[in-house]
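Undergrad: Would you mind keeping the following structure in view while I ask a few things?
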Amino acid sequence: MFARQIARPQARRMAQGTKVLSPEAHNALQSRSSTCRVGKGVRFNSTQTGQSSETKNDNSSSSSKPSSGRISSTAAVVMAGGTLTGLLGYYLGDQNGSKRGEYYNPQISANSPSGLNENYGSVDDFQKAIQELRDTFGGEDEGKVSNDAEILEVHGFSENDYHPGSSPTVVVFPASTDDVVKIVKIANKYKMPVVPYSGATSLEGHFRAPSVGSICVDVSNMDKILEIHEADSDIVCQPGIRWMDINAILKKKGVPLFFPIDPAPGATIGGMMSTGCSGTNAVRYGTAKAEWFLNATVVLPNGEVIKTRRRSRKSSAGFDTTKLFIGAEGTLGIITEVTIRLAPLLPTNVAVVQFPDVRRATEAVVEVMNQGVGIQCVELCDDDFMRSTNLYGMSQRKWPEKDSLFFKFQGPTPNALNETAKIVKAIAEKHGGTGFQLAKTEKEATDLWADRKNALYSGLALVEGSRGWSTDVCVPVSRLPELVYETKKDIQQTGIVSTIVGHVGDGNFHALLLFKNEKELEVIRGLVHRMVERAIALDGTCTGEHGVGIGKKEYLYDELGAGTVELMKTVKRAIDPHNLFNPGKLYPAEPHPDSNRPSH
Ligand SMILES: Cc1cc2nc3c(=O)[nH]c(=O)nc-3n(C[C@H](O)[C@H](O)[C@H](O)COP(=O)(O)OP(=O)(O)OC[C@H]3O[C@@H](n4cnc5c(N)ncnc54)[C@H](O)[C@@H]3O)c2cc1C
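The working numbering puts the last residue of the sequence shown at 601; the count rises by one with no breaks.
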């Protein structure tokens, strides 16, 4: 995440770079890049592309600074890549039932595994598209169009997940809705896939470039608040602004309001809307799928611009087209402007309490939530997590290494907060809770909460030199203990070291699974698969908040049923008949082969 935060501004600066790849060279780079980055010296052979594995020195990834070593290895691959490009083009043309040089065939390719169109332009077409992008937006020096090797790589891979990846052919940095329209019209003319990109914190391979090549549309320069309507508790903003920056700007301006949806610190409004995200505040404020996004301006795959509705708090004028784009993962349109609702900033305080086991902790949460007291967040951290927090060394205290609940209370006055704390303490103790600790000062509250927020970094402290796979599932709250119990048992049997944290008030549970080599990574893939199957069997979902991307799409038939998945595909075909927008994500090919579960 921090690597990405460093990478974003650097990526913008690097758009002024000099190492430009032709589409042919890009394809050669793709062949190198189809191996997934799994950490220092670790090899992972992409199963998706069937291309060869390669060691990647991960030192480069903590910063996107150009490194001469990497560039020269790229150059070497580029030189060797000409022949491969031709072969790759032929292979893809053959797969699609038409040569890639041919123009778009409006019939859906019969052998498309997802049932969506896969007839794209040729390498030649893509070359023309890039030239037209440069004619429209200026050359590399103008900073809006880049196929610098480093920029391509930053936009095609993620440090946050372990899905097979590839780089886009070109990256464009639009500054306005008009710019996005121009890009999309060029993409349409040459039938070149388009992948929207923003904060780059998503966890399921959401912005991986399709292997045929693509235009990555990086909206991170569209990062302004355009209007603040304090009396209406809303703002109009661009999609590339981070939620944390919105809250910092409002605070600086003395506006006593905030945007309460809180995924990764680097996440932006466009990406958050597109993944249907949430975070620790969801128990009080709901998710991106609640009514926080009032309207959106969207560039559709044909280049048409729509605004989904006006700014009024509510509207019953037809069905909710704003929601169509929430969780669509950039497959239906590019969001270029959004009106978001804000909530009043209220005083908060933090408490922590330990339990004999997860079941007792969850039972306490169910009872607390039914009291209607002011709970902004309630987070479950398992005994391994508490141990990792002690090891990590950033905590102000040594914690009992037991399953624990972290509460954030919220209320209009200090008295209201104390009243809530009293009620919660009594309920916790009734369910076996011990050591209830309520922060006495604002600083203490911040310190306590920091221990929960450091989850990723403290978790990694359990195994020196390890990397972590983070995944989430969600079940009805009452089924959470069963899910956690079975999953912990499964993890222990494999010998994989992990921590578990959960937005327990929502039944949403995250595991951080640690690995040091490819063998352990394979074990983790199996664990994640079983965790998802378990959650769906408990009437839950394969993802409570991270979204589908590449990583979870195989579970959608199981979870949603064929009728619902086919409805999603029907909408996709209607809006994006050429399947230009973010192909390969969200829409599954076919039911998972292991699945024999009937539709719900
Ligand atoms: C350390 C860490 C903690 C996290 N914690 C949470 C958490 O608590 N809760 C949670 O829900 N998630 C969490 N996440 C995941 C991530 O923060 C969310 O998925 C977030 O919503 C992604 O936003 P982004 O701006 O980074 O989007 P990106 O990663 O840039 O893109 C995500 C998707 O949105 C599409 N997209 C981006 N911009 C646009 C646009 N303008 N128009 C159309 N489509 C677009 C992309 O094509 C892609 O499919 C965490 C991730 C990390 C690394």
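Each residue gets a CB set at the ideal place from its N, CA and C atoms; glycine is no exception.
I'd like the ranges of any beta strand (DSSP E) spanning at least 3 consecutive residues and lying wholly in the segment 336-417.
TA: 349-355, 376-382, 405-411
Undergrad: From residue 237 to residue 303, what distance separates their C-alpha atoms?
TA: Straight-line spacing of the CA atoms in residue 237 and residue 303 works out to 25 Å.
Undergrad: Would you mind stating whether residue 503 and residue 346 have Cβ atoms separated by less than 8 Å?
TA: Their beta carbons are not under 8 Å apart, which means residue 503 does not touch residue 346 by this criterion.
Undergrad: I'd like the span of the alpha helix (DSSP H) that includes residue 439, first residue to last.
TA: Per DSSP, residue 439 belongs to no alpha helix (DSSP H); it is in the beta strand (DSSP E), 435-439.
Undergrad: Between residue 412 and ligand 1, is the CB less than 7 Å from at least one heavy atom?
TA: no
Undergrad: Ignoring anything shorter than 4 residues, give me the alpha helix (DSSP H) runs that lie fully in the segment 504-571, in order along the chain.
TA: Annotation note: the segment 504-571 contains the following uninterrupted alpha helix (DSSP H) runs of length 4 or greater, listed N- to C-terminal: 519-538, 557-561.
Undergrad: Does residue 239 pass the burial test, meaning 16 or more other C-beta atoms within 10 Å, or should it be called exposed?
TA: buried
Undergrad: Under DSSP, the beta strand (DSSP E) around residue 471 begins and ends at which residues?
TA: In this chain, the beta strand (DSSP E) harbouring residue 471 covers 468-475.
Undergrad: In chain order, what residues of the same chain lie with their CB nearer than 7 Å to the CB of residue 400, ignoring the 5 residues before and after it?
TA: 387, 390, 391
Undergrad: Would DSSP call residue 482 helix, strand or coil?
TA: Residue 482 falls in the helix class under three-state DSSP.
Undergrad: Quick test of the definition: if touching needs 3 or more C-beta pairs under 8 Å, does the segment 469-483 touch the segment 166-184?
TA: no
Undergrad: Report, in whole angstroms, the separation of the C-beta atoms of residue 273 and residue 283, which I expect to be a contact under 8 Å.
TA: Between residue 283 and residue 273 the Cβ distance is about 12 Å, and since that is not below 8 Å, they are no contact.
Undergrad: Are the segment 498-513 and the segment 538-557 touching by the rule of at least three beta carbon pairs closer than 8 Å?
TA: yes
Undergrad: Measuring straight from C-alpha to C-alpha, what distance separates residue 224 and residue 267?
TA: 12 Å
Undergrad: Would you grab the beta carbon distance between residue 331 and residue 196 for me? Rounded to a whole angstrom, and I think it's under 8 Å.
TA: 7 Å
Undergrad: Could you tell me whether the segment 399-419 touches the segment 312-329, using the rule of 3 or more Cβ pairs below 8 Å?
TA: no
Undergrad: Are the CB atoms of residue 472 and residue 602 within a distance shorter than 8 Å?
TA: Nothing can be reported for residue 602: it is not among the residues displayed for the chain, which extend from 2 to 601.
Undergrad: With DSSP as the reference, label residue 424 as helix, strand or coil.
TA: For residue 424, the three-state secondary structure derived from DSSP is helix.
Undergrad: Have a look at residue 419 and residue 434 and give me their C-alpha separation to the nearest angstrom.
TA: 18 Å
Undergrad: Is residue 336 near ligand 1, in the sense that its beta carbon is under 7 Å from a heavy atom of that ligand?
TA: yes
Undergrad: Cβ of residue 528 within 8 Å of Cβ of residue 501?
TA: No, they are not a contact pair.
Undergrad: Should the segment 205-212 be regarded as contacting the segment 132-144, the criterion being three or more beta carbon pairs within less than 8 Å?
TA: No, they do not touch.
Undergrad: Note down, in chain order, each residue of its chain lying with its Cβ closer than 7 Å to the Cβ of residue 191, except the 5 sequence neighbours on either side.
TA: The beta carbon of residue 191 is closer than 7 Å to those of 122, 126, 127, 129, 130 in its chain, skipping five residues each way along the sequence.
Undergrad: Going by the C-beta, is residue 583 closer than 7 Å to any heavy atom of ligand 1?
TA: Yes, Cβ of residue 583 sits closer than 7 Å to a heavy atom of ligand 1.
Undergrad: What does the alpha-carbon distance come out to for the pair residue 603 and residue 164?
TA: Since the first residue of the chain shown is 2 and the last is 601, residue 603 is not available in this structure.
Undergrad: Please confirm if the segment 247-258 is in contact with the segment 335-355, defined as three or more CB-CB distances below 8 Å between the two stretches.
TA: yes
Undergrad: Taking 8 Å as the threshold, find out whether the segment 440-449 comes into contact with the segment 519-528 through three or more Cβ pairs.
TA: no
Undergrad: What number of angstroms, rounded off, separates the C-alpha of residue 306 from the C-alpha of residue 182?
TA: 8 Å
Undergrad: Flag residue 220 as yes when its Cβ comes closer than 7 Å to any non-hydrogen atom of ligand 1, and as no otherwise.
TA: Checking the Cβ of residue 220 against ligand 1 gives yes.
Undergrad: Hey, how far is the Cα of residue 5 from the Cα of residue 265?
TA: Only weak support is given to the placement of residue 5: the predicted model assigns it a pLDDT of 34, under 50, and the value that follows is read from those uncertain coordinates. Computed Cα separation, rounded: 11 Å.
Undergrad: For residue 230, count neighbouring Cβ atoms within 10 angstroms of its own Cβ and tell me buried if that reaches 16, exposed if not.
TA: exposed
Undergrad: Rounded to a whole number of angstroms, what is the C-alpha to C-alpha distance between residue 490 and residue 532?
TA: Taking C-alpha positions only, residue 490 is separated from residue 532 by approximately 11 Å.
Undergrad: Quick one: what does DSSP say residue 185 is sitting in, helix, strand or coil?
TA: helix
Undergrad: In whole angstroms, what separates the C-alpha of residue 403 from that of residue 262?
TA: 29 Å
Undergrad: Can you tell me whether DSSP reads residue 121 as helix, strand or coil?
TA: coil
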